[in-house]
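*Asks:* Here you go, one structure.
Numbering (UniProt numbering), first residue to last: 1 to 92.
As structure tokens, then:
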């Protein structure tokens, strides 16, 4: 169980995404947005050039997960939300 509430996680997660992860992805034409945080799961969406890119799984694991887990908590769960699934997070 996370030692933080979802509300507590929003600011640090969004700050790291905006300041560290988004600029890295932007170098390759990619983008990322924070969709929501529910029960300690961080729902993000890889966008731009990341959509359909064969390396997006590695990007999720080695860039997004690594940065967020290192900065916030090692047990964070990061879920990439496919395009069109933004309103169906409970199904992911």
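Positions of the beta carbon are idealized from the N, C-alpha and C atoms, including for glycine. Treat the numbers as computed from the prediction; the structure is a model and nothing was measured.
Just to check my reading of the structure: residue 80 and residue 44 have Cβ atoms closer than 8 Å, yes? What is that Cβ distance to the nearest angstrom?
*Replies:* Translated into positions along the chain shown, residue 80 becomes position 80. Translated into positions along the chain shown, residue 44 becomes position 44. That belief holds up - the Cβ atoms of residue 80 and residue 44 are roughly 6 Å apart, short of 8 Å.
*Asks:* Could you give the distance in angstroms between the alpha-carbon of residue 9 and the alpha-carbon of residue 23?
*Replies:* Mapped onto the chain shown, residue 9 falls at position 9. Mapped onto the chain shown, residue 23 falls at position 23. Cα to Cα, residue 9 sits roughly 21 Å from residue 23.
*Asks:* For residue 41, which beta-bridge partners are listed by DSSP?
*Replies:* The sequence position of residue 41 within the chain shown is 41, counting from 1. Looking at the DSSP assignment, residue 41 forms a beta bridge with 38 and 77.
*Asks:* Just verifying my parser: in three-state terms, what is the DSSP assignment at residue 56?
*Replies:* Start at 1 with the first residue of the chain shown, and residue 56 comes out as number 56. In the structure shown, residue 56 sits in a helix (DSSP, three-state: H, G or I).
*Asks:* In this structure, does DSSP put residue 33 in helix, strand or coil?
*Replies:* The sequence position of residue 33 within the chain shown is 33, counting from 1. Strand.
*Asks:* Quick check on residue 46: does DSSP put it in helix, strand or coil?
*Replies:* Taking the chain shown and counting its residues from 1, the one referred to as residue 46 is at position 46. It is a strand residue.
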